[in-house]
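Asker: Count the sequence shown with our numbering and you get residues 35 to 354, in order. All C-beta atoms, glycine included, are put in the ideal place defined by N, C-alpha and C.
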Amino acid sequence: MNINPIITTSGKITQEIYHLDIGQYHIPRSCSVFLLITPKSIVIMDTGTSEDVYSILKFMKNQFPLRRVRYLIPSHHHFDHSGGMWKLWKIIKDYNPEVKILTIERTKKLLQDPNSHHERAKRTFGDFIGIMEPLLDENAYEIVEPSDLIKIPGLNQSQHLQLVSTPGHTLDHVCPTLFEKDKVKFTYLGEAAGGLLHSKQLVTLPSSMPPEFDFRVYIQSLEKLIEMKPQNSGYSHAGAVIGHEGVSEALIENKEYSFFFRDFVKSKFSERGETRFVVEQFIEQELKARSDVPMNELYTNYVVAVVYGQLIDLGLKGPK
Ligand SMILES: [Zn+2]
């Protein structure tokens with residue numbers, strides 16, 4: 035492939051889809067959200083933490099009116115993706131009282147009762163994680179099934195959205211996907227296909243967060259995504275891949291790497307049964323070659339989380 039298919043900067047990536055690097059924790063390329071923008075409506079996929087909501091508002095200011103925002107769609111309930119859902123909904127409803135969080139029942143329940151997730155995340159990620167207020171207002175939600183075809187005002191007749199069910203990273207994970215006829219024009223992968231922290235090479239990182247990560251289910255979801263043959267894709271961490279060739283390559287790479295990572299964790303842990311040791315080995319031997327985001331304080335927390343999630347799924351550790 036001659037042209038680099040990876041996009042890390044904010045801006046329009048297809049006719050309808052925009053990528054936004056929200057600069058989570060003030061670090062570029064740590065977390066992305068995606069927006070579907072038509073002349074009649076706006077759909078925001080993930081919000082980042084409660085702090086990141088301001089990056090989204092800043093991006094929209096003078097460019098896209100907030101009254102046009104029709105839906106907020108969470109990929110899953112984790113704080114770095116949906117931590118700001120409650121806040122952004124409350125802000126936008128003053129401009130458009132009809133705005134809804136479009137989601138599945140399981141994610142809604144977790145957004146209404148986020149405390150146990152938030153407390154657990156705090157133990158790993160400290161004060162970075164913002165505030166997750168329970169959003170109890172039933173009026174805030176529109177519940178759909180993953181099989182539902184969602185019409186968005188301003189899309190053409192042959193297009194619709196669907197929240198494709200992709201559990202594994204968490205039980206409630208979905209990929210908001212834009213279909214055009216029977217083709218997938220864009221899928222927001224969230225964390226269903228790992229992380230992409232390299233700007234030039236299609237090499238991925240694991241997203242095996244505790245306590246819900248399930249390796250077998252994760253691989254099944256990944257196979258489903260590969261079969262969908264998306265033309266373009268977006269990653270929570272972070273950026274987009276343009277063109278079906280690059281998208282497939284990255285998905286298949288993540289599938290292979292998921293098996294590698296599982297074996298890596300298993301063998302390092304059998305060498306020395308300490309999470310810390312596995313984490314250090316991974317940072318040293320793998321992470322540096324798979325990311326060109328400058329090393330920062332988040333990396334260790336992230337690696338602790340994915341190693342721990344894998345150890346739990348392997349049955350080598352109990353969930354804390
Ligand atoms: Zn997550």
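Between residue 225 and ligand 1, is the CB less than 7 Å from at least one heavy atom?
Answerer: yes
Asker: Cβ of residue 243 versus every heavy atom of ligand 1: is any distance shorter than 7 Å?
Answerer: yes
Asker: Ligand 1 and residue 232: does any heavy atom of the ligand fall closer than 7 Å to the residue's C-beta?
Answerer: No - ligand 1 has no heavy atom lying nearer than 7 Å to the Cβ of residue 232.
Asker: Ligand 1 and residue 115: does any heavy atom of the ligand fall closer than 7 Å to the residue's C-beta?
Answerer: yes
Asker: For residue 102 and residue 68, what's the separation of their Cα atoms in angstroms?
Answerer: 16 Å
Asker: Exposed or buried, which one is residue 59 when buried takes at least 16 other CB atoms within 10 Å?
Answerer: With 16 or more Cβ atoms within 10 Å of its Cβ, residue 59 is classed as buried.
Asker: Quick one: what's residue 40 bridged to in DSSP?
Answerer: Per the DSSP secondary-structure output, residue 40 pairs in a beta bridge with 275.
Asker: Might you give, ordered along the chain, the residues of its own chain that have their beta carbon closer than 6 Å to the beta carbon of residue 174, omitting 5 neighbours on each side?
Answerer: 123, 135
Asker: If you follow the alpha helix (DSSP H) that residue 343 is part of, which residue opens it and which one closes it?
Answerer: For residue 343, the enclosing alpha helix (DSSP H) has its first and last residue at 332 to 347.
Asker: Closer than 7 Å by C-beta to residue 53: which residues in its own chain qualify, once you throw out the five before and the five after it? Chain order, please.
Answerer: 41, 44, 45, 47, 66, 68, 268, 273, 274
Asker: At a cut-off of 7 Å, is residue 200 close to ligand 1 when judged by its beta-carbon and the heavy atoms of the ligand?
Answerer: no
Asker: May I ask whether a heavy atom of ligand 3 can be found less than 7 Å away from the beta carbon of residue 151?
Answerer: As far as ligands go, the structure on display features ligand 1 and does not contain ligand 3.
Asker: When you compare the CB positions of residue 139 and residue 204, do they come within less than 8 Å of one another, or not?
Answerer: no
Asker: Taking 7 Å as the cut-off, is the CB of residue 83 close to at least one heavy atom of ligand 1?
Answerer: no
Asker: When you measure from the CB of residue 204 to every non-hydrogen atom of ligand 1, does any distance come out below 7 Å?
Answerer: yes
Asker: Classify residue 131 as buried or exposed, calling it buried when 16 or more other Cβ atoms lie within 10 Å of its own Cβ.
Answerer: With fewer than 16 other Cβ atoms within 10 Å, it is exposed.
Asker: Take residue 355 as the anchor and find which of 258, 257, 321, 238 has the nearest alpha-carbon.
Answerer: Outside the shown range of the chain, which is 35 to 354, sits residue 355, and nothing can be said about it.
Asker: Tell me the residue span of the alpha helix (DSSP H) that contains residue 126.
Answerer: Counting along the chain, the alpha helix (DSSP H) containing residue 126 begins and ends at 119 to 126.
Asker: Could you name the residues of the same chain whose beta carbon sits closer than 6 Å to that of residue 219, not counting the 5 residues immediately before and after it, in chain order?
Answerer: 212, 265
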